[in-house]
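Residue numbers (this note's numbering), protein chains in the order written: chain S, 506 to 856; chain E, 148 to 427.
Ideal Cβ positions, reconstructed from N, Cα and C, are used throughout, including at glycine.
Please read all numbers here as calculations on a predicted model, not as lab measurements.
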Amino acid sequence: MLFNYWISLYIIIVTPFGVQSPTSSCFLGTLGCRTGNPMIPDWMQKIEIGPCSCCTVSIGKKKGFVQKAISDLFTFLEECMVNDAIAQRKGLLQSLDPRVKVVSMILLIFAVAMTHDIRLLAIVYVLTLICAYLSKVEIGFFLKRVWVFIPIFSGIIMIPILFNVFTPGDALVTVATLGPNAHLGPFALPSVITITVQGTMVALTFVLRVATCVSSAVLLFLTTPRDLIFKSLRSLKVPKVYVLTMDMCYRYIFLFADTVRGFYTAKKSRSIKSLPLIEEQKWVGNRIGYTLVKALSMSEKVHQAMISRGFTGDIKILHRYSIHQRDYVACVSVFALSIFLILVSQNLVKI
Amino acid sequence: METIFDLRDVSYTYIKRFDALKNVTLSFKAGEQTAILGANGSGKSTLLSILNALTYPTSGEFSAFGMPIKEEIFDTLEDNEYARFFRKKVGFLFQNPDIQLFSSTVFDEIAFGPLQLDLPPDEVQKRTEEVIAMLEIENLRTRAPHMLSGGEKKKVCIASILSTNPDVLLLDEPTGGLDPRSQIWLIEVLQDLAKAGKTIITATHDLDIVEQISTRAIVVGEDHTIHVDCDCASVLGNLDLLMAANLIHRHMHRHGKLLHEHLHAHSQEHDHEHGSSVVE
Chain S
506 MLFNYWISLY
516 IIIVTPFGVQ
526 SPTSSCFLGT
536 LGCRTGNPMI
546 PDWMQKIEIG
556 PCSCCTVSIG
566 KKKGFVQKAI
576 SDLFTFLEEC
586 MVNDAIAQRK
596 GLLQSLDPRV
606 KVVSMILLIF
616 AVAMTHDIRL
626 LAIVYVLTLI
636 CAYLSKVEIG
646 FFLKRVWVFI
656 PIFSGIIMIP
666 ILFNVFTPGD
676 ALVTVATLGP
686 NAHLGPFALP
696 SVITITVQGT
706 MVALTFVLRV
716 ATCVSSAVLL
726 FLTTPRDLIF
736 KSLRSLKVPK
746 VYVLTMDMCY
756 RYIFLFADTV
766 RGFYTAKKSR
776 SIKSLPLIEE
786 QKWVGNRIGY
796 TLVKALSMSE
806 KVHQAMISRG
816 FTGDIKILHR
826 YSIHQRDYVA
836 CVSVFALSIF
846 LILVSQNLVK
856 I
Chain E
148 METIFDLRDV
158 SYTYIKRFDA
168 LKNVTLSFKA
178 GEQTAILGAN
188 GSGKSTLLSI
198 LNALTYPTSG
208 EFSAFGMPIK
218 EEIFDTLEDN
228 EYARFFRKKV
238 GFLFQNPDIQ
248 LFSSTVFDEI
258 AFGPLQLDLP
268 PDEVQKRTEE
278 VIAMLEIENL
288 RTRAPHMLSG
298 GEKKKVCIAS
308 ILSTNPDVLL
318 LDEPTGGLDP
328 RSQIWLIEVL
338 QDLAKAGKTI
348 ITATHDLDIV
358 EQISTRAIVV
368 GEDHTIHVDC
378 DCASVLGNLD
388 LLMAANLIHR
398 HMHRHGKLLH
408 EHLHAHSQEH
418 DHEHGSSVVE
């Protein structure tokens, strides 16, 4: 029986407007009668209709730093969601055992890091693109994910190497003519600053090496569900406590991201005028502190939830993998390729 | 019936200042279905937390399954057979599903309990699959908790408890945030579990579900003491008691030109008849 029998307890009825019992007058006020209500102060009973005639509408393209940071955070999280969807597709790499993928990736990155031959690096890079295609990863999306990091992590640091100041060699482009006896402090500079062929090749090799390594790592993350990546780290003897911690961190990042979004939207909905930068910064600092306190409180409760279900500190992880023939083929292929790259890099095999 | 939980003059105070429970003396028997009713902040969740040996009374005595419950038994690094027995025996559904769902996929979440029981991997797999099938959540098995709706999270929380097959279920606001269909689903699950002989203790202020899932009702007042402990029908029929405990309130509202007032529970939508008077 539902609790509808309150119906039968339906007691007092019906008071017309104007009756001065406190309860009913309160009720009438909420319905829109704006006179003589003792609960609502006078200023709250005023209603403004429409914007003031002096209002101007300005359209600004520039976002505040808080808004920009939060937008970027959510773009990142949305990309993570997209990644999860890619990991569920039926493609080449998705069909492989995650342990094979993790071990193969580490091996390949090691071999690529030792390789100096730009042709071999180009071949391996093209192989990663083919793997991406066969794993149903959109090539445009894949290239964007990889190359967005390359200028940051390798391009900028390789810029000096291009010049004859650091890599002497055949001039490719003349940048500046300094004349004889040019100095930068105690350092002597060449009379003509040029970008050299040798320097360009070193920079290109380095960038391609980084791009190939990043491509392998991105492929692993795109084609493997996050929990399986963490669990497969156990096969590399990573301690259980780190695996569990990483797994839980990943899970709760999303929860706290939602909390942060809530803070921001709540503030936005009540922001009548824009605040000075210092006030915005104070607000961000305050919310960071609050999020930390909330995270600590939640961590205690999560620990209680774990204890309640029998957790005693001994971490148990269920991983039931089944190795197929294709996993052996993939493992042997990557292993052979990596050995070949290492042998070539050590001049033990000539090509 | 065997007494499973026994509280004698139990009190709990947060940070030595704020009372959460005062002088509570209660006992729960195996196979009983009990509702703990109280307004927000009355101490229902604290009481459940004490019953699950997650929080310990600041004064008074609490024993479970004939053994006194002490912090030294549970919060120790040493493996403790009684603590393992207790955790196996008692399942706790937390009010906030995000606290309870700490694994990265639904499957892992449900497998967590059986793994803690040291069951062989095949048995863990089988149990997890069976609970997933029982609660009809096959479509969620590979999903991450942050990708579930409120109702789905609640289902997974319940599945994660049932996979260890506890005999005692402690439920903290189980219908909170659920849509009507999910509420009915949950009530039916709890009724089936009650028929199977499980002890179910539910903390709630949703009076709509009380009679459907329990036979006994305990009212915790806003003064953090136990006001009444008797059968559901008597508690729900005692309007003064429910008003005093802030579980119902006098409510006035209007339908078109009709203005009327009736008692109202702190829950969902409600049906009621309308008086004949007309607002002019």
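Smallest Cα separation from residue i: which of the options?
i, options, result
"HIS371(E)", "ILE246(E), PHE165(E), THR181(E)", "PHE165(E)"
"ARG885(S)", "SER850(S), LEU727(S), PHE692(S), LYS736(S)", "Shown here, chain S extends from 506 to 856; a query on residue 885(S) therefore has no answer."
"LEU383(E)", "ILE373(E), ARG363(E), ALA258(E)", "ARG363(E)"
"GLN786(S)", "VAL798(S), LYS799(S), TYR769(S), SER774(S)", "TYR769(S)"
"GLU369(E)", "THR160(E), LEU168(E), ALA306(E), GLY213(E)", "LEU168(E)"
"ILE614(S)", "ASP763(S), HIS824(S), GLN550(S), VAL715(S)", "VAL715(S)"
"PHE761(S)", "LEU749(S), LEU842(S), LYS799(S)", "LYS799(S)"
"ASP439(E)", "HIS374(E), ILE347(E), GLN330(E)", "This structure does not reach residue 439(E), given that chain E is present from 148 up to 427, and the question cannot be answered."
"LEU333(E)", "PHE209(E), LYS191(E), ALA306(E)", "ALA306(E)"
"GLN809(S)", "PRO267(E), GLN247(E), ALA211(E), GLY185(E)", "GLN247(E)"
"VAL366(E)", "PHE249(E), SER189(E), SER210(E), THR205(E)", "SER189(E)"
"THR351(E)", "LYS345(E), ASP319(E), ALA380(E), ALA341(E)", "ASP319(E)"
"ILE373(E)", "ALA186(E), ASN199(E), SER250(E), PRO313(E)", "ALA186(E)"
"TRP749(S)", "ALA343(E), GLU228(E), SER361(E), THR252(E)", "Sequence check: residue 749(S) is Leu here, not Trp. Considering only alpha carbons, the answer is THR252(E)."
"LYS273(E)", "LEU823(S), PHE845(S), VAL834(S), THR620(S)", "LEU823(S)"
"ASP376(E)", "ASN312(E), ILE183(E), ALA280(E), LEU198(E)", "ILE183(E)"
"THR679(S)", "PRO685(S), ILE666(S), ILE700(S)", "ILE700(S)"
"PHE647(S)", "VAL587(S), ARG604(S), ALA676(S), GLY794(S)", "VAL587(S)"
Using C-beta distances below 6 angstroms, list every residue in its chain close to residue i, excluding the 5 sequence neighbours before and after it, in chain order.
i, result
"GLY297(E)", "GLY324"
"ALA681(S)", "ILE698"
"THR150(E)", "SER174, LYS176"
"LEU725(S)", "LYS606, MET610"
"ARG731(S)", "TYR755"
"CYS718(S)", "ILE614, VAL617"
"ASP602(S)", "TYR826, ILE828, ASP832"
"ILE348(E)", "THR181, LEU317"
"LYS551(S)", "none"
"PRO292(E)", "LEU248"
Evaluate residue i with the Cβ neighbour count: other Cβ atoms within 10 Å of its Cβ, from every protein chain shown; 16 or more gives buried, anything less gives exposed.
i, result
"GLY238(E)", "buried"
"GLU859(S)", "Beyond the ends of chain S as shown, which are 506 and 856, falls residue 859(S); an answer cannot be given."
"HIS688(S)", "exposed"
"CYS754(S)", "exposed"
"GLU335(E)", "exposed"
"LYS606(S)", "buried"
"TYR159(E)", "buried"
"GLY378(E)", "It is worth fixing the name first, because residue 378(E) is Asp in this sequence and not Gly. Burial call: exposed."
"LEU801(S)", "exposed"
"ILE628(S)", "exposed"
"LYS301(E)", "buried"
"SER779(S)", "exposed"
"VAL278(E)", "buried"
"PRO321(E)", "buried"
"ALA211(E)", "buried"
"ASN852(S)", "exposed"
"ASP355(E)", "buried"
"PHE581(S)", "exposed"
"ARG624(S)", "exposed"
"LEU782(S)", "exposed"
Apart from the five residues on each side of it in sequence, which residues of its chain come closer than 7 angstroms, Cβ to Cβ, to residue i?
i, result
"THR172(E)", "LEU154, ARG155, ASP156"
"SER721(S)", "MET610, LEU613, ILE614, THR633"
"THR202(E)", "TYR159, THR193, SER196"
"VAL712(S)", "ILE655, SER659, GLY660, MET663"
"LEU295(E)", "LEU287, VAL303"
CB-CB under 8 angstroms to residue i, same chain, minus the five flanking residues each way: which ones, in chain order?
i, result
"VAL683(S)", "Contrary to the premise, residue 683(S) reads as Leu rather than Val in this sequence. LEU694, PRO695, SER696, VAL697, ILE698, listed in sequence order."
"GLY596(S)", "LEU639, SER640, LYS641, VAL642, THR728"
"LEU266(E)", "ARG274"
"ILE360(E)", "GLN180, ALA182, ILE334, LEU337, GLN338, ALA341, ILE347, THR349"
Assess contact between the region 158-177 of chain E and the region 228-237 of chain E, defined as three or more Cβ pairs (one per stretch) separated by less than 8 angstroms. Is contact present? Not touching, per the Cβ criterion.
With a threshold of 8 angstroms, are at least 3 pairs of Cβ atoms found where one atom belongs to the region 729-746 of chain S and the other to the region 646-657 of chain S? Segments in contact, no.
Would you mind listing the alpha helix (DSSP H) stretches within the region 618-680 of chain S that are 4+ residues and don't spill past its ends, in chain order? Runs of the alpha helix (DSSP H) inside the region 618-680 of chain S: 623-639, 644-652.
Hey, which unbroken runs of the alpha helix (DSSP H) at 4 residues or more fall wholly within the region 334-371 of chain E? 354-360
What are the start and end residues of each continuous alpha helix (DSSP H) run of 4 or more residues lying completely inside the region 261-303 of chain E, in chain order? 268-281
Touching by the beta-carbon criterion (3+ pairs, under 8 angstroms), the region 702-718 of chain S and the region 670-684 of chain S: yes
Sequence ranges, alpha helix (DSSP H) only - wholly within the region 695-752 of chain S, length at least 4: 702-728, 731-737
Count the C-beta pairs between the region 251-259 of chain E and the region 335-352 of chain E that are closer than 8 angstroms, then say yes if the count reaches three, no if not. Contact between the region 251-259 of chain E and the region 335-352 of chain E is absent, because fewer than three Cβ pairs lie under 8 angstroms.
Decide yes or no for the touch test of the region 836-844 of chain S against the region 283-303 of chain E: beta carbon pairs closer than 8 angstroms, at least 3 of them. no
4 or more residues per run - each alpha helix (DSSP H) lying fully within the region 769-852 of chain S: The DSSP assignment places complete alpha helix (DSSP H) segments of no fewer than 4 residues inside the region 769-852 of chain S at 782-813, 830-850, in order along the chain.
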